[in-house]
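In the numbering used here, the protein residues as written are 1 to 410. Idealized CB from N, CA, C, for every residue including glycine.
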Amino acid sequence: MTSPFAPRKSVTIIGGGPAGLMAAEILSQGGADVDLFDAMPSVGRKFLLAGVGGLNITHSEATEPFLARYGQRSSQLQPMLAAFSNETLQKWVHGLGIETFVGSSGRVFPKEMKAAPLLRAWISRLRSSGVRIHVRHRWLGWNDTGQMRFTTPEGEISHSSDAAILALGGASWAKLGSDGLWQPLLAEKGIDIEPLAPANCGFDIGWSDHLSERFAGTPLKAVAIEFKGMRKQGEFVLTKGGVEGSLIYSFSAAFRDEIKASGSADILLDLAPGKSLERILEDLKRPRGADSMASHLRRKLGIEGVKAGLLREEISRNDFNDMNKLAIAIKGLPLKLLATRPIDEAISSAGGVRFEAVNPALMLNKMPGVFCAGEMLDWEAPTGGYLITACLASGRQAGLGALDWLNQNN
């Protein structure tokens with residue numbers, strides 16, 4: 001398309017994840033010259049790894065519950081998600097030649113269940129629109145004249161442009177580029193940053209060697225967790241020292257905040273959510289004849305393997321042999337979460353540049369012409385397509401904001 005700028009305005013984008021790539025698309029469509037820099041040997045590395053087990057691009061649920069997934073920052077994200085909704089995102093994917101389908105859980109997937117075809121089509125479209133992609137360029141901040149500094153395999157370089165978009169991610173999966181090293185670079189400019197913390201993460205409990213050696217890596221299916229008036233059913237995995245998995249991730253923000261405030265988080269695990277306490281007690285008291293207690297639990301309640309191991313781990317022998325106390329433990333086994341797993345192991349991170357530090361266009365209040373997008377902003381969301389959706393929506397918002405700012409300063 002013909003550029004509205006005379007001469008053409010230039011924009012630097014730092015970060016080649018979904019937010020940065022979407023910003024590049026908006027800017028190139030708007031007639032700007034775009035240079036995108038990424039520290040990794042190729043762009044979209046975390047995006048590709050997230051799609052290894054089946055790329056979940058968004059969720060099909062209605063607007064109100066969808067928006068509620070973003071918790072305390074839902075009001076800040078609402079305008080972006082209204083402009084680039086889960087339905088809009090699906091149409092955008094279709095525009096890349098990728099078909100989608102809605103799974104039984106409401107999650108939306110590419111038909112091929114892979115991230116690579118989508119990313120290839122997207123990058124091809126960006127390159128054809130004039131976006132220049134520079135890999136193995138790690139951002140070092142600004143020099144004394146305001147130029148951006150990068151270290152490259154050939155040495156350090158400087159680069160200048162009319163505007164910039166930072167889409168540097170959080171601090172999970174550092175080996176894929178999201179290492180959080182941008183924090184001091186912005187902090188020294190006076191930018192208000194909420195410290196990064198793990199989100200969608202596992203937690204330490206401290207199992208016995210026996211339980212850990214026997215059951216680490218084993219999924220607990222058809223269970224429910226209760227915590228501070230919240231109850232959710234699903235599944236998770238026993239790890240060497242604690243727990244992780246989808247059901248745990250759905251509570252992770254609440255667990256993390258409770259550990260920060262109180263030193264630990266006490267939860268109740270329902271090992272038989274489909275049965276009432278009364279029914280469990282009735283089944284436990286049935287005559288078992290020559291059956292062992294382990295066989296009795298398996299035959300009457302389906303409690304075996306890792307579920308039985310957890311009961312043995314967490315309640316005393318006397319309570320295990322008391323049918324009333326055992327029934328109560330099956331319906332609400334107390335577990336104490338002691339700490340989050342390290343942020344680099346987390347699926348995503350919370351914290352980042354506070355929304356109070358940017359205007360509605362996502363431009364930094366203290367740095368005119370510099371915008372932020374994606375996971376480096378202070379928001380978090382559960383897995384299930386919500387993370388990618390908000391990254392894309394915020395990248396779009398920052399791209400549009402940069403175009404407007406360039407028009408105003410043409």
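Go ahead and label residue i buried or exposed: buried means 16 or more other beta carbons lie within 10 angstroms of its beta carbon, across all protein chains shown.
i      : result
ARG69  : buried
VAL52  : exposed
GLN29  : exposed
ALA295 : A small correction: the amino acid at residue 295 is Ser; Ala does not occupy that position in the sequence shown. When all chains shown are included, SER295 counts as exposed.
ARG433 : Since the first residue shown for the chain is 1 and the last is 410, residue 433 is missing from the structure and cannot be characterised.
LEU89  : buried
HIS137 : buried
ASN407 : exposed
PRO153 : exposed
ASN359 : exposed
LEU318 : According to the sequence shown, residue 318 is Asn rather than Leu. ASN318 comes out exposed.
PRO382 : buried
LEU49  : exposed
ASN56  : buried
THR145 : exposed
ASN200 : buried
ASP291 : exposed
GLY374 : buried
I think residue i touches residue j, with their Cβ atoms under 8 Å apart; what is that distance to the nearest whole Å?
i      : j      : result
LEU21  : GLY44  : 7 Å
GLY242 : PHE203 : 5 Å
ALA163 : TRP405 : 6 Å
LEU168 : MET376 : 5 Å
ILE303 : ILE330 : 7 Å
VAL223 : LEU269 : 6 Å
SER161 : ASP35  : 7 Å
ILE225 : LEU337 : About 11 Å separates the two Cβ atoms, so there is no contact after all.
PRO117 : ILE98  : 6 Å
PHE5   : ALA32  : 7 Å
MET40  : VAL135 : 6 Å
Whose CA, out of the options, lies closest to the CA of residue i?
i      : options                           : result
LEU333 : GLU313, THR340, ALA350 and SER348 : GLU313
PRO184 : GLY399, LEU176 and LEU196         : LEU196
PHE101 : SER349, LEU406, GLY54 and ASP344  : GLY54
ALA398 : ALA381, LEU377 and MET363         : MET363
ARG286 : MET323, PHE251 and ALA253         : MET323
ARG120 : PHE47, ARG73 and ASN143           : PHE47
GLY352 : LYS240, ILE193 and ASN410         : ILE193
HIS59  : GLY401, GLY384, ALA393 and GLN408 : GLY384
GLU64  : LEU268, ILE347 and SER75          : SER75
GLU380 : ASN365, PRO219, SER348 and ASP257 : SER348
ALA82  : THR151, ASN410 and ARG396         : ARG396
TRP139 : SER129, GLU156, LEU126 and THR145 : GLU156
GLY217 : GLU112, LYS240 and HIS159         : LYS240
SER85  : ASN410, TRP122, LEU403 and TYR386 : TYR386
GLN72  : ILE280, LEU400 and PHE355         : PHE355
GLN177 : THR389, ASP344, LEU392 and ASN410 : Reading off the sequence, residue 177 comes out as Gly, not Gln. Among THR389, ASP344, LEU392 and ASN410, the Cα nearest to that of GLY177 is on ASP344.
GLY369 : THR340, LEU400, PRO342 and GLU235 : LEU400
ALA19  : ALA402, SER394 and ASN410         : SER394
GLN78  : ALA402, ASN410 and THR389         : THR389
Identify the residues that DSSP records as bridge partners of residue i: which are they?
i      : result
SER348 : ALA199
PHE236 : LEU220
ILE388 : For ILE388, which the question treats as bridged, DSSP gives no partner whatsoever.
PRO110 : THR100
GLY15  : Per DSSP, none; premise fails for GLY15.
PRO334 : LEU268
THR383 : DSSP output for THR383 lists no bridge partner at all.
THR340 : PHE203
SER208 : According to DSSP, which records beta bridges pairwise, SER208 is partnered with nothing at all.
ARG231 : GLU226
SER10  : ASP33
VAL93  : DSSP output for VAL93 lists no bridge partner at all.
Next on the checklist: In chain order, what are the residue ranges of uninterrupted alpha helix (DSSP H) at least 4 long that sit wholly in the stretch 272-309?
Outcome noted: You should have 277-284 and 293-301.
Next on the checklist: Could you tell me which whole beta strand (DSSP E) segments of length 3 or greater appear in the stretch 120-200?
Outcome noted: Residue ranges of uninterrupted beta strand (DSSP E) with 3 or more members, entirely inside the stretch 120-200 and ordered along the chain, are 132-134, 138-142, 148-152, 155-159, 163-166 and 193-199.
Checklist entry - Which full runs of the alpha helix (DSSP H) of 4+ residues lie inside the stretch 42-67, going along the chain? => result Positions of the alpha helix (DSSP H) runs, each at least 4 residues long and wholly inside the stretch 42-67, are given as 45-50 in order along the chain.
Checklist entry - Which parts of the stretch 238-265 are runs of the beta strand (DSSP E), unbroken and 3 residues or longer, counting only runs that do not cross its ends? => result For the stretch 238-265, whole beta strand (DSSP E) runs of length 3 or above, ordered along the chain, are 242-244.
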